[in-house]
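Q: Just so you know, the protein sequences line up as chains A and B, in that order.
Using this note's numbering, you'd call the opening residue of the first sequence number 110 and step up by one each time.
Using this note's numbering, you'd call the opening residue of the second sequence number 110 and step up by one each time.
2 protein chains.
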Amino acid sequence: MARPPSTPTSETARALRELLRVAGDTRGALARRLGIGTTDAAAIDHLISSSDPLGPVELGHRLGIRSASATNLVDRLVQAGHVRRAPHPHDRRRLALEVTEQAYDEVLAALRPMLVSVDQVVSRLTPEEAATTTEFLRAVTEVMREYVATAPADRPAGSPQP
Amino acid sequence: MARPPSTPTSETARALRELLRVAGDTRGALARRLGIGTTDAAAIDHLISSSDPLGPVELGHRLGIRSASATNLVDRLVQAGHVRRAPHPHDRRRLALEVTEQAYDEVLAALRPMLVSVDQVVSRLTPEEAATTTEFLRAVTEVMREYVATAPADRPAGSPQP
DNA sequence: TTCTAGTAGCTAGATTTTCTAGCTACCCGA
DNA sequence: TCGGGTAGCTAGAAAATCTAGCTACTAGAA
């Protein structure tokens, strides 16, 4: 996400870090295209790509915001017609947030130019290159997932420090 | 950034999109590790990795926030000791924002676990694989830069629409 | 079964961040 | 040199998040 330390590093690592930095800006670009806030766009993104259903609290956790803010966020998304509140199948405390068809289509349309270009880049790879690249991307994704997961919890002020 | 359309797509594109989504979360993770807000972390990231000096307005432009918000942001960063306001060498209207040594070191320390892991992943590539991967990453970066650059301008309310 | 600790979601009110509107100082080309 | 355009700032309004604390519900222990 930032310039590598002054010690020289491989071109690949440098290119990857540059990509990660630009990727960070992509979320804001998507939000502007959708005409909504960055957090709202990130929320829809999470809801679309999550494998299991999310409620407001868990969604807020993934976004790094508090339960109260998540309730507010979901209110905004529901009001805008992007999301529905549905009951959780097994746990009556919970909600299962659903992205509406319309919101899904809007996100897809907003992303399409990038997805098309990405597919073009991918299509230039030979099968062997594609296999190598895929494995590399997955390894890097795992590293970043670990980094995100091990970030210090967003704890209440005054909590004990290790 | 989101799940691909229902039509099957190559594994590589899928892996890349997953990476981009996780990369979006990385910025928040860095901010939490630094104990500052997401925008503040993104600002320092931009200042560190920009090749030419930035002022508050240009920085705000890259972050997608307004001139007034950028002034406020820089106030915060200066107050926290992360950034200095220095005069622009040629243009007396402008400022050249400088990241302090301390902030630079803090960012590097916060990123280190990820950078180390990334370097490990990169080091497993053969020189040929590294070359292919580097080219791929650069091409994708270019695509995303274009996507970010062509996002609709964050225009004032009531501006004429095309 | 009943009790108890823990979680999901919400409300109310305070705080923080960003926004709009508009100002001055400065740069640069006609 | 003059007029349009830009950088940065201030003031006050609007929006997003936060803390604190509540209720309803789940799940495991007594």
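All C-beta atoms, glycine included, are put in the ideal place defined by N, C-alpha and C.
Fair warning: this is a prediction, and the values are worked out from it, not measured in the lab.
#1: Using the Cα positions of B:G267 and B:T241, report the straight-line distance between them to the nearest angstrom.
#2: Give the range of the alpha helix (DSSP H) segment to which A:R123 is assigned.
#3: Can you tell me the Cα-Cα spacing of A:H155 and B:A132, whole angstroms?
#4: Roughly how many angstroms separate the alpha carbons of A:P114 and B:R202, rounded to a whole number?
#5: In the DSSP output, which residue or residues are listed as bridge partners for A:V187?
#6: Could you pull the DSSP bridge partners for A:R193 from this structure?
#7: Within 10 angstroms of its Cβ, does A:G144 collect 16 or more other Cβ (buried), or is it exposed?
#8: From the beta carbon of B:H261, is the nearest beta carbon of chain A less than 8 Å away?
#9: What residue range is occupied by the uninterrupted alpha helix (DSSP H) comprising B:P261?
#10: Taking A:P222 as the query, report the chain B residues whose CB atoms sit under 7 Å from its CB, ordered along the chain.
#11: Could you work out which residues of chain A lie near B:A239, taking near to mean beta carbons separated by less than 9 Å?
#12: Take B:V230 as the anchor and find which of A:V227, A:L246, A:S226 has the nearest alpha-carbon.
#13: For B:T259, count the other beta carbons within 10 Å of its own beta carbon; 16 or more makes it buried, fewer makes it exposed. Which is it?
#14: Reducing DSSP to helix, strand and coil, say where A:Q270 ends up.
#15: For B:I174, does the three-state DSSP call read helix, strand or coil?
#16: Would you say A:S176 and A:V166 are within 8 Å of each other, going by their C-beta atoms?
#17: Comparing C-alpha positions only, which one of B:P162, B:A138, B:R126 sits nearest to B:M223?
#18: Just to make sure I have the definition right: I need the residues of chain A whose C-beta is within less than 9 Å of the C-beta of B:E127. Which are they?
#19: Give the straight-line distance between the Cα atoms of B:A124 and B:D134, rounded to the nearest whole angstrom.
A: With the structure as the only source:
#1: Because B:G267 carries a pLDDT of 40, less than 50, the predicted location of this residue cannot be relied on, and no value is offered for it.
#2: 120-143
#3: 13 Å
#4: Legend: pLDDT at A:P114 = 48, less than 50; position of this residue unreliable, no value from coordinates given.
#5: Paired residue(s): none; A:V187 is not in a bridge.
#6: A:E207
#7: exposed
#8: The question names His, but residue 261 of chain B is Pro in the sequence shown. It does; some Cβ of chain A falls within 8 Å.
#9: No alpha helix (DSSP H) holds B:P261; DSSP gives it neither H nor E.
#10: Y256
#11: S119, E120, T121
#12: A:L246
#13: exposed
#14: Bear in mind that the predicted position of A:Q270 carries a pLDDT of just 41, short of 50, making it too unreliable to give a figure here.
#15: coil
#16: yes
#17: B:A138
#18: S158, L246, R247, T250
#19: Rounded to whole angstroms, B:A124 to B:D134 spans 16 Å at the Cα level.
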